[in-house]
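Numbering (the UniProt record's numbering), first residue to last: 1 to 121.
Step one of this worksheet: look at the structure below.
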Amino acid sequence: MSEPEYIPADDDPLSRREEPGRNLAVLVYILQALSFFVGGITGLAGVIINYVKLDDVKNTWIEPHFRWQIRTFWIGLLWTVVGIVTTPLIVGWFVLLGVSIWIIYRIVKGALALNDGKSPL
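The following block contains the structure:
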(Lines of atoms letter the chains of each structure in order from A and count residues from 1; the text may use other names and numbers.)
(Lines give C-alpha, C1' and ligand atoms only; values in the text may rest on other atoms or scores of the structure.)
Protein backbone atom coordinates (compact mmCIF):
# COMPACT_ATOMS: atom_id res chain seq x y z
CA MET A 1 0.00 0.00 0.00
CA SER A 2 1.76 3.13 -1.19
CA GLU A 3 1.10 6.42 0.51
CA PRO A 4 0.94 9.56 -1.64
CA GLU A 5 3.98 11.78 -1.37
CA TYR A 6 3.45 15.40 -0.40
CA ILE A 7 5.37 17.63 -2.78
CA PRO A 8 5.60 21.28 -1.77
CA ALA A 9 5.55 24.13 -4.27
CA ASP A 10 9.23 24.79 -3.57
CA ASP A 11 10.80 21.61 -4.94
CA ASP A 12 14.43 22.71 -4.58
CA PRO A 13 16.40 20.08 -2.58
CA LEU A 14 18.76 22.71 -1.17
CA SER A 15 15.92 24.73 0.33
CA ARG A 16 14.52 21.55 1.89
CA ARG A 17 17.69 21.15 3.98
CA GLU A 18 16.60 24.00 6.24
CA GLU A 19 13.52 22.23 7.61
CA PRO A 20 13.76 21.13 11.27
CA GLY A 21 12.06 17.77 10.64
CA ARG A 22 14.85 16.92 8.23
CA ASN A 23 17.40 17.24 11.04
CA LEU A 24 15.43 14.76 13.11
CA ALA A 25 15.36 12.29 10.20
CA VAL A 26 19.15 12.68 9.83
CA LEU A 27 19.56 12.07 13.56
CA VAL A 28 17.46 8.89 13.40
CA TYR A 29 19.45 7.54 10.44
CA ILE A 30 22.62 8.13 12.45
CA LEU A 31 21.13 6.43 15.52
CA GLN A 32 20.08 3.45 13.40
CA ALA A 33 23.60 3.14 12.00
CA LEU A 34 25.14 3.39 15.48
CA SER A 35 22.87 0.60 16.71
CA PHE A 36 25.19 -1.92 15.04
CA PHE A 37 27.98 -0.88 17.40
CA VAL A 38 26.11 -0.35 20.68
CA GLY A 39 23.73 -3.30 20.76
CA GLY A 40 20.64 -1.69 19.28
CA ILE A 41 19.82 0.79 22.04
CA THR A 42 20.30 3.77 19.74
CA GLY A 43 17.92 2.20 17.22
CA LEU A 44 15.31 2.05 19.97
CA ALA A 45 15.94 5.72 20.79
CA GLY A 46 15.54 6.54 17.10
CA VAL A 47 12.18 4.83 16.74
CA ILE A 48 10.94 6.58 19.89
CA ILE A 49 11.91 9.91 18.30
CA ASN A 50 10.01 8.85 15.16
CA TYR A 51 6.83 8.09 17.08
CA VAL A 52 7.01 11.22 19.26
CA LYS A 53 7.61 13.60 16.34
CA LEU A 54 5.48 11.87 13.68
CA ASP A 55 2.60 14.34 14.10
CA ASP A 56 5.01 17.27 13.60
CA VAL A 57 6.02 16.02 10.15
CA LYS A 58 2.54 14.89 9.07
CA ASN A 59 1.80 15.77 5.42
CA THR A 60 5.36 16.94 4.72
CA TRP A 61 8.00 15.39 2.46
CA ILE A 62 9.74 14.10 5.60
CA GLU A 63 6.86 11.89 6.75
CA PRO A 64 7.78 9.03 4.36
CA HIS A 65 11.26 9.02 5.89
CA PHE A 66 9.83 8.64 9.39
CA ARG A 67 7.60 5.77 8.25
CA TRP A 68 10.58 4.18 6.42
CA GLN A 69 12.65 4.38 9.63
CA ILE A 70 9.86 2.94 11.76
CA ARG A 71 9.38 -0.01 9.37
CA THR A 72 13.14 -0.57 9.22
CA PHE A 73 13.29 -0.80 13.01
CA TRP A 74 10.34 -3.17 13.52
CA ILE A 75 11.04 -5.51 10.60
CA GLY A 76 14.74 -5.53 11.52
CA LEU A 77 13.90 -6.35 15.14
CA LEU A 78 11.56 -9.17 14.11
CA TRP A 79 14.15 -10.83 11.86
CA THR A 80 16.94 -10.28 14.38
CA VAL A 81 14.90 -12.17 17.00
CA VAL A 82 14.19 -14.94 14.46
CA GLY A 83 17.91 -15.09 13.66
CA ILE A 84 18.95 -15.25 17.32
CA VAL A 85 16.40 -17.96 18.10
CA THR A 86 17.50 -20.07 15.14
CA THR A 87 21.25 -19.57 15.67
CA PRO A 88 21.67 -23.04 17.22
CA LEU A 89 20.30 -24.47 13.97
CA ILE A 90 23.04 -22.67 11.98
CA VAL A 91 20.42 -21.06 9.70
CA GLY A 92 20.15 -18.22 12.22
CA TRP A 93 23.61 -16.97 11.27
CA PHE A 94 22.46 -16.55 7.68
CA VAL A 95 19.28 -14.81 8.84
CA LEU A 96 21.35 -12.41 10.95
CA LEU A 97 23.69 -11.71 8.04
CA GLY A 98 20.75 -11.10 5.71
CA VAL A 99 18.93 -8.78 8.10
CA SER A 100 22.15 -6.83 8.74
CA ILE A 101 22.65 -6.27 5.02
CA TRP A 102 18.99 -5.32 4.61
CA ILE A 103 19.12 -2.77 7.46
CA ILE A 104 22.32 -1.21 6.12
CA TYR A 105 20.69 -0.96 2.68
CA ARG A 106 17.62 0.76 4.14
CA ILE A 107 19.71 3.24 6.15
CA VAL A 108 21.88 4.15 3.15
CA LYS A 109 18.97 4.38 0.70
CA GLY A 110 16.93 6.51 3.10
CA ALA A 111 19.81 8.82 4.00
CA LEU A 112 20.73 9.38 0.34
CA ALA A 113 17.10 10.11 -0.55
CA LEU A 114 16.85 12.52 2.40
CA ASN A 115 20.01 14.29 1.24
CA ASP A 116 18.47 14.67 -2.24
CA GLY A 117 15.18 15.96 -0.79
CA LYS A 118 13.24 12.94 -2.02
CA SER A 119 11.11 10.17 -0.55
CA PRO A 120 12.91 6.87 0.20
CA LEU A 121 10.13 4.90 -1.48
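All C-beta atoms in this analysis are idealised placements derived from N, C-alpha and C, irrespective of residue type, glycine included.
Boundaries of the alpha helix (DSSP H) in which Leu24 is found, first to last residue: As a first step, residue 24 is located in the sequence shown; it is residue number 24 there, counting from the start. Per DSSP, Leu24 is one residue of the alpha helix (DSSP H) stretching across 20 to 34.
Hey, how far is the Cα of Asp116 from the Cα of Trp61? Numbered from its first residue, the sequence shown carries residue 116 at position 116. Numbered from its first residue, the sequence shown carries residue 61 at position 61. Looking at the backbone, the Cα of Asp116 and that of Trp61 are separated by about 11 Å.
Please classify Phe66 as buried or exposed, where buried requires at least 16 other C-beta atoms within 10 Å of its C-beta. As a first step, residue 66 is located in the sequence shown; it is residue number 66 there, counting from the start. By the neighbour-count rule (16 or more Cβ atoms within 10 Å), Phe66 is buried.
Proximity winner among Val47, Tyr29, Gly76, relative to Ile101 (alpha-carbon distances): In the sequence shown, residue 101 corresponds to position 101, counting from 1. Measuring from the Cα of Ile101, the nearest candidate turns out to be Gly76.
Other residues of its chain near Ala45: CB distance less than 7 Å, five sequence neighbours each side excluded: Stepping through the sequence shown from its first residue, residue 45 is reached at position 45. Cβ-Cβ distances below 7 Å link Ala45 to Leu31 in the same chain, with the five nearest sequence neighbours on each side left out; the list follows chain order.
So residue 163 packs on Thr80, CB below 8 Å; how close in whole Å? Because the chain here runs from 1 to 121, residue 163 falls outside it and cannot be looked at.
How would you write the range of the alpha helix (DSSP H) that Phe66 sits in, first residue to last? On the sequence shown, residue 66 is found 66 positions in, with the first residue counted as 1. Counted as a single uninterrupted DSSP element, the alpha helix (DSSP H) harbouring Phe66 occupies residues 63 to 85.
Counting C-beta neighbours from all protein chains within 10 Å, is the total for Gly43 16 or more, i.e. buried, or is it exposed? Position 43 of the sequence shown, counted from the start, is the residue given in the question as residue 43. By the beta-carbon neighbour count (other beta carbons within 10 angstroms, threshold 16), Gly43 is buried.
In or out: Trp68 buried (at least 16 other Cβ within 10 Å) or exposed? Here residue 68 is taken as the residue at index 68 of the sequence shown, counted from 1. Counting of Cβ neighbours within 10 angstroms places Trp68 among the buried residues, the total reaching 16 or more.
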